[in-house]
Amino acid sequence: MENTHRRPSGKRPKKRRFRGNQFMKVCSHTHVAERKDTSKCASSNKISGIQTSLKSNLVKVSENFKGYRIFDFISTFRSILSVSCCLKCHKPLTINEKSTRGLCSNFEIRCKNCGSVCTFSSCENTGNKNNAPEINRRSILAMRCIGQGLESLKTFCAVMSLPNPVEQKSYDVINNKLSRVMKEVAEQSMKRAAVEENSSSPDNL
């Protein structure tokens, strides 16, 4: 039998929207936690993958790559920095020349974001205290071999747009050391030649 009873207001009752219950809330929190864990794992895996990729792509210098090269500072380091980033935060890097010692330059690589700093020199050090740039000794030796001195070295550096060579005092110190070493080498060479000459003479056969 059809219910003909009408409400006093004459309007149909509104349907209540379902807002979940105690069981749905537990499931909802579980799904949120799972999504967070999944997101965290994905981010962690991505970072680990980047770090692994960076480590595997580190430049390995061949043992055959030795000696000195003359290159343009701006174009070379601009190309290097365009494909480089900080190993800690993967942000861009900057490079600056902090100081020079004759023809040797000391550089600083700094991260723009985290401030990590790495320093290096353009050549190895030599000498008893391992504090003398090798390039300075080589440049002075080269001038000696062609019969020239410090003024000719300065002219060469100016024309080639290289840093200024060592000052007169340092030049004299290096030049005196080279003179002593070359004298010792010459004396040893003459002694060996005399021994070889005596051993090959007819009287000793």
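Going letter by letter, the sequence shown gives residues 1 to 205 in UniProt numbering. Think of the CB as a built atom: it goes at the ideal place given N, C-alpha and C, for glycine as much as any other residue.
> Thinking just about the alpha-carbon of each residue, which of PHE107, SER99 and CYS89 is nearest to the one in PHE77?
Replying inline: Just measuring C-alpha positions, the residue of PHE107, SER99 and CYS89 sitting nearest PHE77 is PHE107.
> Is the beta carbon of MET160 sitting closer than 8 Å to the one on LEU153?
Replying inline: For the pair MET160 and LEU153, the CB atoms are not nearer than the 8 Å cut-off.
> Curious, which full-length beta strand (DSSP E) runs of at least 3 residues does the UniProt domain "Mutator-like transposase" (67 to 198) contain?
Replying inline: Whole beta strand (DSSP E) segments, 3+ residues: 93 to 101, 104 to 111 and 117 to 121.
>> Judging by CA-CA distance, which residue of SER82, PRO92 and ASN136 is the nearest neighbour of VAL117?
In response: The shortest Cα separation from VAL117 among SER82, PRO92 and ASN136 belongs to PRO92.
> Can you tell which of SER105, ASN130 and LEU150 has its C-alpha closest to the C-alpha of THR119?
Replying inline: Checking every option, the nearest Cα to that of THR119 belongs to SER105.
>> Rounded to whole angstroms, what is the Cα-Cα separation between LYS183 and SER139?
In response: The alpha-carbon atoms of LYS183 and SER139 are separated by roughly 19 Å.
>> Let me make sure I understand the geometry here. Which of GLU197, CYS114, CYS157 and THR155 has the alpha-carbon closest to that of CYS89?
In response: Per the C-alpha coordinates, the member of GLU197, CYS114, CYS157 and THR155 positioned closest to CYS89 is CYS114.
> Rounded to the nearest angstrom, how far is the Cβ of ASN130 from that of ILE174, given a contact under 8 Å?
Replying inline: Rounded to whole angstroms, the Cβ separation of ASN130 and ILE174 is 15 Å, and the two are not in contact under 8 Å.
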